[in-house]
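Colleague: Okay, so the sequence shown: first residue is 0 according to numbering that gives the first Met the number 0, each after it adds one.
For each residue, glycine too, the CB sits at the ideal point set by N, CA and C.
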Amino acid sequence: MSTPLPHPAEVRRDVELALALANTRSTGPAVDALKARLRAHLTALLEPARRYATHLVDDHARARAHSTIEHATTQLNPTTDQPPADRLRLLAKATDHLARYAAAAPPNHTRS
0 MSTPLPHPAE VRRDVELALA LANTRSTGPA VDALKARLRA HLTALLEPAR
50 RYATHLVDDH ARARAHSTIE HATTQLNPTT DQPPADRLRL LAKATDHLAR
100 YAAAAPPNHT RS
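#1: Smallest Cα separation from residue 66: which of 31, 76, 97 and 16?
#2: State buried or exposed for residue 63, treating a residue as buried only when at least 16 other CB atoms are found within 10 Å of its CB.
#3: Report the CB separation of residue 48 from residue 101 in whole angstroms; it is logged as a contact under 8 Å.
#4: Under 6 Å Cβ to Cβ from residue 51, same chain only, skipping five residues before and after it: list those, please.
#5: What is the DSSP secondary structure of residue 98, counted as helix, strand or coil?
#6: Give the single residue among 2, 4 and 31 whose Cα lies nearest to the Cα of residue 16.
#7: Please look up how many angstroms separate the CB atoms of residue 74 and residue 93, rounded, as I've assumed it's under 8 Å.
#8: Taking the alpha carbon of residue 106 as the reference point, which residue from 46, 80, 86 and 78 has its own alpha carbon closest?
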């Protein structure tokens, strides 16, 4: 059973907020809550993003999409040697990429 997809406007809002907060190097409980939401979005978007990548016809585009998705998954458990603002920015951008892929994914025709 897959995770329900977040609303695109919600994802966009959180991505934009994260990028703005990363620029100001904000920290604290509100930023931690935002990171948790972005990780939840990222997790929910993985399956449709992978479906999008798998259905790409061009080999180079497919490989690039799979590489982007693989990099995005590393943001679920980032290394702690990066500055917090950089980690937040990478998480936001990874979520944005997967949201774009998920929006372009073909419908899931699996039966339950």
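Modeller: Put simply:
#1: Position 67 of the sequence shown, counted from the start, is the residue given in the question as residue 66. The option with the nearest alpha carbon to residue 66 is 97.
#2: Numbered from its first residue, the sequence shown carries residue 63 at position 64. Here residue 63 is exposed. Its C-beta has fewer than 16 other C-beta atoms within 10 Å.
#3: Indexing the sequence shown from 1 puts residue 48 at position 49. Indexing the sequence shown from 1 puts residue 101 at position 102. Yes, they are in contact, since the Cβ atoms of residue 48 and residue 101 sit about 5 Å apart, within 8 Å.
#4: As a working mapping, residue 51 is identified with position 52 in the sequence shown. Correct list, in chain order: 100, 103 and 104.
#5: Within the sequence shown, numbered from 1, the residue matching residue 98 stands at position 99. In the structure shown, residue 98 sits in a helix (DSSP, three-state: H, G or I).
#6: Here residue 16 refers to the residue found at position 17 of the sequence shown. Distances from the alpha-carbon of residue 16 to those of 2, 4 and 31 put 31 closest.
#7: Within the sequence shown, numbered from 1, the residue matching residue 74 stands at position 75. Within the sequence shown, numbered from 1, the residue matching residue 93 stands at position 94. About 4 Å separates the beta carbons of residue 74 and residue 93, which is inside the 8 Å limit, making them a contact pair.
#8: Here residue 106 refers to the residue found at position 107 of the sequence shown. Considering only alpha carbons, the answer is 46.
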